[in-house]
Each structure stands twice: as C-alpha cells, then as structure tokens.
Ligand code: SF4
Ligand code: SF4
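Residue numbers (my numbering), protein chains in the order written: chain E, 50 to 242; chain G, 1282 to 1893.
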C-alpha cells in the first residue's frame, strides 16, 4: 500500500482523560475527507483509571492494530505514556505530549510538548486536556515537512466534525455551551505554539 | 452520497440485526459484548418499535427468551461475552438438537488476552460441542455482513448459528456502509409440535441424528465456504486464517511483499470446516500454517496432522492474544525469512483502581476494619478491584462469592477458631447468580456475612440497569424487584440496608451481622449507594462534601495504605497529604478514615454524611 496515503497514530493516556473522544473526532475527520479508517481501543478495566491506548489507522489497512515500529505519531496525554508506548513509533515519527517538563533529551525525532493541564485550568475547562492537546498537535505537526508526513486533517476539519455531531437546529443551551467550550479548547491548544 | 459511518464492531453487529429485521434481541452485559444491545436501543429510539430489546437477569434467561422467539417463527438474537455462554450452555446444547424456526443468532464475544475476562476460552469450541455452525468475523464490517449470512444459514437449516467476534472486532471502529432498515410487524406463529419442542430422550436420539445430517450439509454450504484471497499464487505451502487474526495476517503479508508468494485462505465458518476445503488443503500442500484465535479449532479439523502447523505444534502460541507483531514473527518463520523480534517495553501500565469516591471503597474499608483476619470472598464486577485494598481474597465467577464463602466455612468448621467469612457481591451479580447460593447458605445455616454492594447499576460494563433499577435498555419504565424482599424471601432473617458512606453505622452493623450469623446462619447487609460514575453522568451527585487536609496530618500514609482513594496523594517532602481537586469527587468518606482527624470538611459544620 502506498505509504503516502496512510497514517498510523497512537493516542494514549489514562482512563477518564477522553482518549476515545479525540480518537473518534480524528476518525470522523478522516471519513469526512473520504478516507478509510480503523480505530482500536482498550475498554473495560481501563475505564477505572488504568492506562488507555487507542490506535488510529487512516488509509487502506486490514488490521485495526498498529505494530511496533510502525506508527507515524504519538499523542500522549500523560508524559509517562512516552515510555509506555514509544515502542510503536517508526524512526522519525512525531510525538506530541502533555508534559510539564522537557522530554526533548529523551527523543531524537520531532517532539512537541505542552502543559495541557495548566492550559486547561487557565481557560477554565480542566477536563479539556484532550482537546487542548489535539488542537496543539494540529498546530505543530504541519510544521514538520510534508515529506515526513504530517497530519491528514486540519484544525478546521476537526471543528467541522465537532459541529456536525449534533444537528444545529434544535440544540439545547447546554449542548451549545459544551460545543463552544470544546471549540475554545481546541483553539487554545492550536494557538499555543 | 457517502453513506459510510464510523461504527464500532458491536454497533455494526447491532446495525446488522436491524437491517435484517431481527424482532427480539436479548443480552446480559459483559465486556466486550455489552454495546451490541445498548447500541440497538440507541439506534431504535428514532424508529418504530418493531424490535423487542432487553437486558435479561442472566445469559441463560436471555438465551431462552430469544430462542422462544425463534421457535415462534421470528428472527431473534442473544448476545453475551464468552463466559456468559457458560451460563447459557444448558439451553444452547438442547436448542441445537431441537433447532430453530425464525433465524436465531447466538453472539458470543471472546476475549483473547484476556483484556477483561476470567478466561480466554474459545466459544467456537462451545459451538463444536453443541454442534452448531459458527462464523468468525475479521472486522466490524465483516461482523455486520455475517449477521446476514448467519440469518440465511440459520433459516435454511433450522439451526442456531453462532457469531463469534473477539474483543478487537467488538471494539474496533471502522467506516461502514449502511443499508436500509425496513419497518416490519412482528408476526409470531408458533406451531405446536411437542415431539420436537418438548422432545423426550427417545426422540432426542433422532434429533441428534438429524443434527448430524444438518452439520454435514452445512460443511458443504457454499455461502460460508473458505475464501482464497490470492488466486494466482503457487506454492507447496499455504496459510489459513480466520477472525481478527486474518486481518493481522493479511496486513503483515502485504507489508512483507509476500502476497504473490504464498496462498492464503480465509475461513469464514471455522466449524464445521468445509469438507472439500480440508481435502483440497491435504491434496495440494505439503505444509499448512493455521492462524486463529484462541484454540486450534480449524487446525483440529484438518485431518492430516503431519502437514499442519499451528497451536498444536506450538508454532502459534496457545495462550494470549495474537497481536500483529506476533503473527509477523510466525509468518516470517514459516516462509523462512528473518524478522526482528519485537521488544515490548517493561514500563508497567497503570493499575486500574476504584474511582475516587467509589462507595465500594468505603464498604471494603469497613469490612477490613471489622474482620482484618477473615476470609473475604468476592465476585465479578468493579469491586473486584477491592483486591488493591486487600479486601478481596477470591474471585471465581459470577455468583461464586456466596457459595465459596459457604465452602470455606465447611472447610474450617471443625477448627478450634474458624475464621470470620465475609462475602461481597454486587447487586447485578446477586440477581444474576447469587440467589441460589444464598438459599443454599440459609438451608445449611452457614455463619457468613454477605455484603451486597448495591450501587443500583451494572457499573463494570457501562452502567446497565439491574432488576432493581426499574428502567429498561431504552430508558423505558419497568417493574422493580426489591433486593431486601428478595433476601428475606430466601429465608435470611438478618438483613439491613446501610449507606456505606456512613462508615460508623456500617461498621456497627457489620459487627452485629457477624455476631448474629454465628448462631443463626447467613446475615446480609445491603450496602447501598449509587455508583458515582453513573451519578456524575446523570448530573445528579447529591450533597457534595468538599474536604481539606489540616496541619494535623503528619504524612503517616494510613489513608493511602488502607483506603487508597486515588485523589489522596502523599507529598513525601512535605510529609503531608494533598487532595487532587480534579480527581476528588467530594464524597467526604476520607474524613472518617484518618485516625488523626486531619481531614476535615471545608464546610465546617459537617463532619461526615452522618451529620447531614
Ligand atoms: S491524612 Fe491522616 S491518615 Fe492520611 S497521612 Fe495524613 S495523618 Fe495519616
Ligand atoms: S472526599 Fe476524600 S475519599 Fe472522597 S473522593 Fe475526595 S479525597 Fe477521595
């Protein structure tokens, strides 16, 4: 299969951080753009504060799982996920990590970190760490040259997906507020860099 | 128009049931199968209510309801996890003999790994034992297609058909093309035929013979025959794949550029394996590698053992999930090319724990306090995580907490100082399989304390209702069954309800229950407090108690070691506990835990829930 048309991304964190939600947003963005998509996620015990990891594969694949040394990128919602799931990455893959300390010395590829917990508190939405990190990733990854394969979708695509999730007509006020808060979190991450 | 939608495997199966006009779908929650029924309910909200969907009290009941629907001529389905099929195995074996009328699908989701199950058992072996055909989907998309295939097969041969997805199929999401759903009217038409539907042993012999004939015909049924994936290849060796392992293998073979080099066959129906296919393999190839999960079911049916490599030859590991990297190594070894062995990092995953503010933690803390040296049997559910608190000594299977407690009593009864025995069991598990055990304990007058951890839901699998909830899968109001009345109905005379957040009261009742049981047989406490996650989702958390740590805290760590709320963090440098405001759910229970009374309510007048 043509390498240029595929993307394999590992997204990890701990239960309750909303890993599955951002995985879905990305997957729906892929469908929006006419691509095929697979995601795979751990359920069950993981929901009780254990490690959660999801695999996102865009393009023509058979298997929903990413093999070690194959992923194009890692979105890590906890700094420790870097040690846990770094083995999935191919050489030169990007890492976007939520961390309050510098991880650069530990990795020789493109690595971008942001203290998303801090940023989330700052915008008054402490649970939105996932969306902030996603926004941040969409901001920084295109900065890596196209040849090394960046992201398959833009921040606008993700916003469209978020907006399409509910029909605009009869949206309740609380749903509207939630949507606005989500968009704001994405923006905050995106503009951070 | 692009009619593709991102569907989880379980949603895809649900969609398949709808597209095929399934009239009755039943289930008991269990990972990885739970979302099949809940997505059916979700999809149905906008449609006519032509389908009956329900959670049953256990898998056996679920099976029997759906089966009766089938013999009344309707298309039906029952879904469960693999160990649930153990519970439903009794009706399964007989239903196979009697056969079905309307298409009947038994969906049993396996969990190689296991990720969240007691065993890695292969449901396809159950299909083999019951003598029914089983289909093995490789992806969410194929799972949906196989629903159609299963209904056709079931109706053509009047036989229950098993659909066996695995965790990776159930929980993967894929873009899937949707077909139309047609509204239909349920038209039951049960044709009485007691020789078949109430067959005596003598007639069962004939049914058994008939079943054998059906199976033989099914092993020649074209629609479910194995598929050759690459027709142009030529080799003395071939690879046979099935289920999710087929998907992994296909990708590995593509990436290794072997697609043109080695013939690959995908088996859709692992049992009964098509007879012609078996002959073809043996006549054509010197060596056949079979890659399947979890047991070598296909492998076993290929008669010429010398040619087959798989689980039985240890070419493929017999336990654990077949991850794609493992398959890559196996394939490389089979075709004789070098592969780098994959190193997994040793970094350990986070251990799952009970949520901050979980009422179970309070119950376990009290139990440990009252019976520090007792034997503590437990059961299947979130509360299995009481392990971390040293409050769970055994977990066997659904309902075993009470019967195991009984067994421990019998084992120790002649000792001079038999241990205290406390069984913990969740509300849903109690309904599912705890009741017969409790009746037995009453009859035998066994001195145990049973604590029913009643959080008003089936939390572990995603908060499905229990018979005490009075709500159906679609949110419709239903009748409720009262646990206390049930317990008393089993013959228990000491039965009290208590909120575990009220630690002192719970401790006192535990002591009384223990004393009572010594002379009178089992006593029961119903520790009732709604699951916090459920409450949070419904936005109705009651009476939050914000807490703070005062200067009295010397960092002794007692609260962490014995209570272990994840929101309590020990600062080694400052020798003091901190409360993680993000995690804390303001249950206020830790106030009652600290022996130095150093955790206080920020609302000064409240010491604990008991003051409310
Ligand atoms: S809060 Fe209480 S129990 Fe916990 S460390 Fe401090 S003094 Fe010890
Ligand atoms: S109040 Fe105490 S026990 Fe309850 S969640 Fe917060 S820290 Fe944990």
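Using N, Cα and C, we set each Cβ at its ideal position, and we do this for glycine too.
Give a yes or no on whether the minimum CB-CB distance between residue 101 of chain E and chain G is below 7 Å.
By one-based count along the first chain, residue 101 of chain E stands at place 52. No, its Cβ sits nowhere closer than 7 Å to a Cβ of chain G.
Exposed or buried, what is residue 1775 of chain G when buried is set at 16 or more other beta-carbons lying within 10 Å of its beta-carbon?
Against the second chain, residue 1775 of chain G aligns to sequence position 494. It counts as buried.
Check the Cβ of residue 112 of chain E against every Cβ in chain G and list those closer than 7 Å, keeping chain order.
Within the first chain, residue 112 of chain E is the residue found at index 63, counting from 1. Correct list: 1528, 1529, 1532, 1605.
Closer than 6 Å: is that where the CB of residue 1638 of chain G sits relative to any heavy atom of ligand 2?
Here the question's residue 1638 of chain G lines up with position 357 in the second chain. Yes, the Cβ of residue 1638 of chain G comes within 6 Å of a heavy atom of ligand 2.
Contacting residues, own chain, Cβ-Cβ under 8 Å from residue 139 of chain E (five flanking each side not counted):
Counting from 1 along the first chain, the entry for residue 139 of chain E is found at position 90. Correct list, in chain order: 118, 119, 120, 121.
Compare the Cα-Cα distances from residue 1877 of chain G to each of G/1637, G/1849, G/1834 and report the closest residue.
Within the second chain, residue 1877 of chain G is the residue found at index 596, counting from 1. Closest option to residue 1877 of chain G, Cα to Cα, is G/1834.
State the beta-bridge partners of residue 123 of chain E as determined by DSSP.
Your numbering for residue 123 of chain E matches position 74 in the first chain. DSSP, once it has assigned bridges, lists E/59, E/144 as partnering residue 123 of chain E.
For chain E, find out if any of its Cβ atoms is closer than 7 Å to the Cβ of residue 1482 of chain G; answer yes or no.
Start at 1 with the first residue of the second chain, and residue 1482 of chain G comes out as number 201. Answer no: the Cβ-Cβ gap between residue 1482 of chain G and chain E never drops below 7 Å.
Quick one: which chain E residues come within Cβ less than 7 Å of residue 1453 of chain G?
Counted from its first residue, the second chain places residue 1453 of chain G at position 172. The contacting residues are 87, 88, 89, 113.
Report yes if the CB atom of residue 1449 of chain G is closer than 7 Å to the CB atom of residue 1415 of chain G, and no otherwise.
For the purposes of this step, residue 1449 of chain G is taken as the residue at position 168 of the second chain. For the purposes of this step, residue 1415 of chain G is taken as the residue at position 134 of the second chain. For residue 1449 of chain G and residue 1415 of chain G, no; Cβs fall outside 7 Å.
Out of E/202, E/229, E/135, state which residue places its alpha-carbon closest to the alpha-carbon of residue 83 of chain E.
Sequence index remark: in the first chain, residue 83 of chain E carries index 34 (1-based). Nearest C-alpha to residue 83 of chain E: E/202.
Would you say residue 250 of chain E faces chain G, with C-beta separation under 7 Å as the test?
Because chain E in this structure spans residues 50 to 242, residue 250 of chain E falls outside the shown range and cannot be described.
For residue 1474 of chain G, which of G/1603, G/1484, G/1299, G/1863 has the nearest alpha-carbon?
As a working note, residue 1474 of chain G is residue 193 in the second chain. Of G/1603, G/1484, G/1299, G/1863, the residue nearest in Cα terms is G/1484.
Member of G/1519, G/1604, G/1727 whose CA lies at the smallest distance from the CA of residue 1539 of chain G
Taking the first residue of the second chain as position 1, residue 1539 of chain G is located at position 258. Nearest option by C-alpha distance: G/1519.
What in chain E is Cβ-close to residue 1287 of chain G, meaning under 9 Å?
For the purposes of this step, residue 1287 of chain G is taken as the residue at position 6 of the second chain. Near residue 1287 of chain G (Cβ distances below 9 Å), the residues of chain E are 73, 76, 77, 79, 80, 86, 88.
Run down chain E in chain order and give the residues with a C-beta less than 7 Å from the C-beta of residue 1863 of chain G.
Working through the second chain from its first residue, we reach residue 1863 of chain G at position 582. Those within 7 Å of residue 1863 of chain G in chain E are 175.
Threshold first: 3 residues or longer. Then list the beta strand (DSSP E) segments lying entirely within the region 1432-1459 of chain G, N to C.
1442-1444, 1453-1458
Quick one: is residue 1417 of chain G near chain E, going by C-beta distance under 7 Å?
By 1-based counting over the second chain, the position of residue 1417 of chain G is 136. Closer than 7 Å: no.
Among G/1642, G/1831, G/1461, whose alpha-carbon lies nearest the alpha-carbon of residue 1736 of chain G?
Within the second chain, residue 1736 of chain G is the residue found at index 455, counting from 1. Ranking G/1642, G/1831, G/1461 by Cα distance to residue 1736 of chain G puts G/1642 first.
Nearest-angstrom Cα distance between residue 156 of chain E and residue 91 of chain E?
Taking the first residue of the first chain as position 1, residue 156 of chain E is located at position 107. Taking the first residue of the first chain as position 1, residue 91 of chain E is located at position 42. So the alpha carbons of these two residues sit roughly 26 Å apart.
Starting from residue 1348 of chain G, follow the alpha helix (DSSP H) in both directions and report where the run begins and ends.
Here residue 1348 of chain G corresponds to residue number 67 of the second chain, with the count starting at 1. Run containing residue 1348 of chain G: 1340-1352, per the alpha helix (DSSP H) assignment.
Which residues, in chain order, does the region 1439-1466 of chain G contribute to contact with chain E at a C-beta distance below 9 Å?
1448, 1449, 1450, 1451, 1452, 1453, 1454, 1455, 1456
Using a Cβ-Cβ distance cut-off of 7 Å, determine whether residue 55 of chain E contacts chain G.
In the first chain, residue 55 of chain E corresponds to position 6, counting from 1. It does not: the Cβ of residue 55 of chain E has no partner Cβ on chain G nearer than 7 Å.
For residue 66 of chain E, count neighbouring Cβ atoms within 10 angstroms of its own Cβ and tell me buried if that reaches 16, exposed if not.
The count along the first chain starts at 1 and reaches residue 66 of chain E at position 17. When all chains shown are included, residue 66 of chain E counts as buried.
With 16 as the cutoff for other CB atoms within 10 Å, does residue 1618 of chain G come out buried or exposed?
In the second chain, residue 1618 of chain G corresponds to position 337, counting from 1. Classification for residue 1618 of chain G: exposed.
DSSP beta-bridge partners for residue 161 of chain E?
For the purposes of this step, residue 161 of chain E is taken as residue 112 along the first chain, with counting starting at 1. In DSSP, residue 161 of chain E forms a bridge with E/145.
Between the alpha carbons of residue 190 of chain E and residue 1433 of chain G, how many angstroms are there, rounded?
Position 141 of the first chain, counted from the first residue, corresponds to residue 190 of chain E. Position 152 of the second chain, counted from the first residue, corresponds to residue 1433 of chain G. So the two alpha carbons sit approximately 49 Å from each other.
Chain G partners of residue 139 of chain E, CB-CB under 9 Å?
Within the first chain, the letter at position 90 stands for residue 139 of chain E. Here the premise fails: no neighbours, minimum Cβ distance about 12 Å.
Under 7 Å by beta carbon: chain E residues contacting residue 1632 of chain G
As a first step, residue 1632 of chain G is located in the second chain; it is residue number 351 there, counting from the start. Those are 99, listed as they occur along chain E.
Cβ closer than 8 Å: which chain E residues qualify as neighbours of residue 1557 of chain G?
The sequence position of residue 1557 of chain G within the second chain is 276, counting from 1. Residues of chain E passing the Cβ test: none, with the nearest at roughly 26 Å.
What does a CB cutoff of less than 7 Å around residue 1334 of chain G pick up in its chain, not counting 5 residues either side in sequence?
Your numbering for residue 1334 of chain G matches position 53 in the second chain. Taken in chain order, the residues that qualify are 1306, 1318, 1321, 1322, 1325, 1754, 1755.
Any C-beta of chain E within less than 7 Å: which residues of the region 1594-1623 of chain G qualify?
1604, 1605, 1606, 1609, 1623
Where does residue 1364 of chain G sit, in a helix, a strand or coil, going by DSSP?
Translated into positions along the second chain, residue 1364 of chain G becomes position 83. In the structure shown, residue 1364 of chain G sits in a helix (DSSP, three-state: H, G or I).
Below 8 Å on the Cβ atoms is my guess for residue 1578 of chain G versus residue 1849 of chain G; work out the distance and round it to an integer in Å.
Position 297 of the second chain, counted from the first residue, corresponds to residue 1578 of chain G. Position 568 of the second chain, counted from the first residue, corresponds to residue 1849 of chain G. At roughly 48 Å, the Cβ-Cβ gap does not stay under 8 Å, so residue 1578 of chain G and residue 1849 of chain G are not in contact.
With contact counted as at least three CB pairs below 8 Å, one residue from each stretch, are the region 1395-1412 of chain G and the region 1502-1512 of chain G in contact?
no
Anything in chain G within Cβ reach of residue 215 of chain E, meaning under 9 Å, just list it in chain order.
Against the first chain, residue 215 of chain E aligns to sequence position 166. Going along chain G, no residue has its Cβ under 9 Å from residue 215 of chain E, so there is no contact; the nearest lies around 14 Å.
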